[in-house]
Amino acid sequence: MLSAILRKPVSRVVDPVARLLLRIGVTPNGMTFFGSLGTCVMALWLWPQGEYFWGTLGVMAFIFSDLLDGTMARISKKSTQWGAFFDSTIDRVVDVALIGALVLSLLKSDDRLAVVAFAALIGGFLVSYVKARAEALSFNCDGGFAERAERVIILLTAVGFAGLGVPYILAVGIWILAISSFATFIFRVHQVWKQR
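Now the structure itself:
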């Protein structure tokens, strides 16, 4: 949902950066790996220590690569099935690292919110799985509120503002993330069911 709305304005910023990176020899898959590794390190290193704000800034700096790799592949006309598979697989690794880092932090402080965060992780995986499985069977399976971009934005907003001391924002954000993920999963299953 959000991806479609922001595609044009974001591309005005991302396209020139992608062209520059291609000119200096950076590959789309290299950008995927570099950005994802940095994202995982920032989250898994800083969030479990309770450094929510600085960890979120670090994650945001690296997660920008998630916009760049696909754009670089499109501009260079070097999109491949391997590249698409690699990008999608690495996205799942990043999802686990982000919410997993938060779960670790919550477990360290004996916060029962860790259970809700883990549920959000499962919900996110179900959203991704049902789309991949449906498309493999030639069904259309898009939409729902909690696509990946929305899930990442909700998570980073909640964790970042929690790091600034905003009360209840983390609990609210994680509950929204969990509920909207499962709602999107159900929406997509229903969408495929209507196409049967």
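Counting with numbering that gives the first Met the number 0, you get residues 0 to 195 for the letters of the sequence shown. All residues carry an ideal CB built from backbone N, CA and C; glycine is no exception. Every value quoted in this text rests on a predicted model; they were computed, and no experiment measured them.
The stretch 30-80 contains, as complete alpha helix (DSSP H) runs of 4+ residues, the segments 51-62, 64-75 (chain order). For Gly49, same chain residues with a beta-carbon under 7 Å away, outside a window of 5 residues either side, are Ser104 in chain order.
Rounded to the nearest whole angstrom, the C-alpha separation of Leu112 and Gly99 is 13 Å. The straight-line gap separating the alpha-carbon atoms of Leu136 and Leu163 is approximately 45 Å.
Secondary structure remark: continuous alpha helix (DSSP H) runs of at least 4 residues inside the stretch 108-138, in chain order: 112-135.
Exclusion of the five residues before and after Leu45 leaves Trp53, Gly54, Gly57 as the residues of its chain whose Cβ lies within less than 7 Å of its Cβ. Pairing Leu36 with Ala119 gives a Cβ-Cβ distance that is not under 8 Å. Remark: fewer than three beta-carbon pairs, one from each stretch, lie closer than 8 Å, so the stretch 178-191 and the stretch 82-94 are not flagged as touching. Here the alpha carbon of Val93 sits roughly 27 Å from the alpha carbon of Pro166.
If you look at Val188, you'll find it in the alpha helix (DSSP H) that goes 168-193. One alpha carbon belongs to Tyr51, the other to Phe117, and they sit about 18 Å apart. Short of 7 Å from the beta carbon of Glu134, and not among the five residues preceding or following it, lie these beta carbons of its own chain, in chain order: Cys140.
For Ile173, the number of other beta carbons within 10 angstroms of its own is at least 16, and it is reported as buried.
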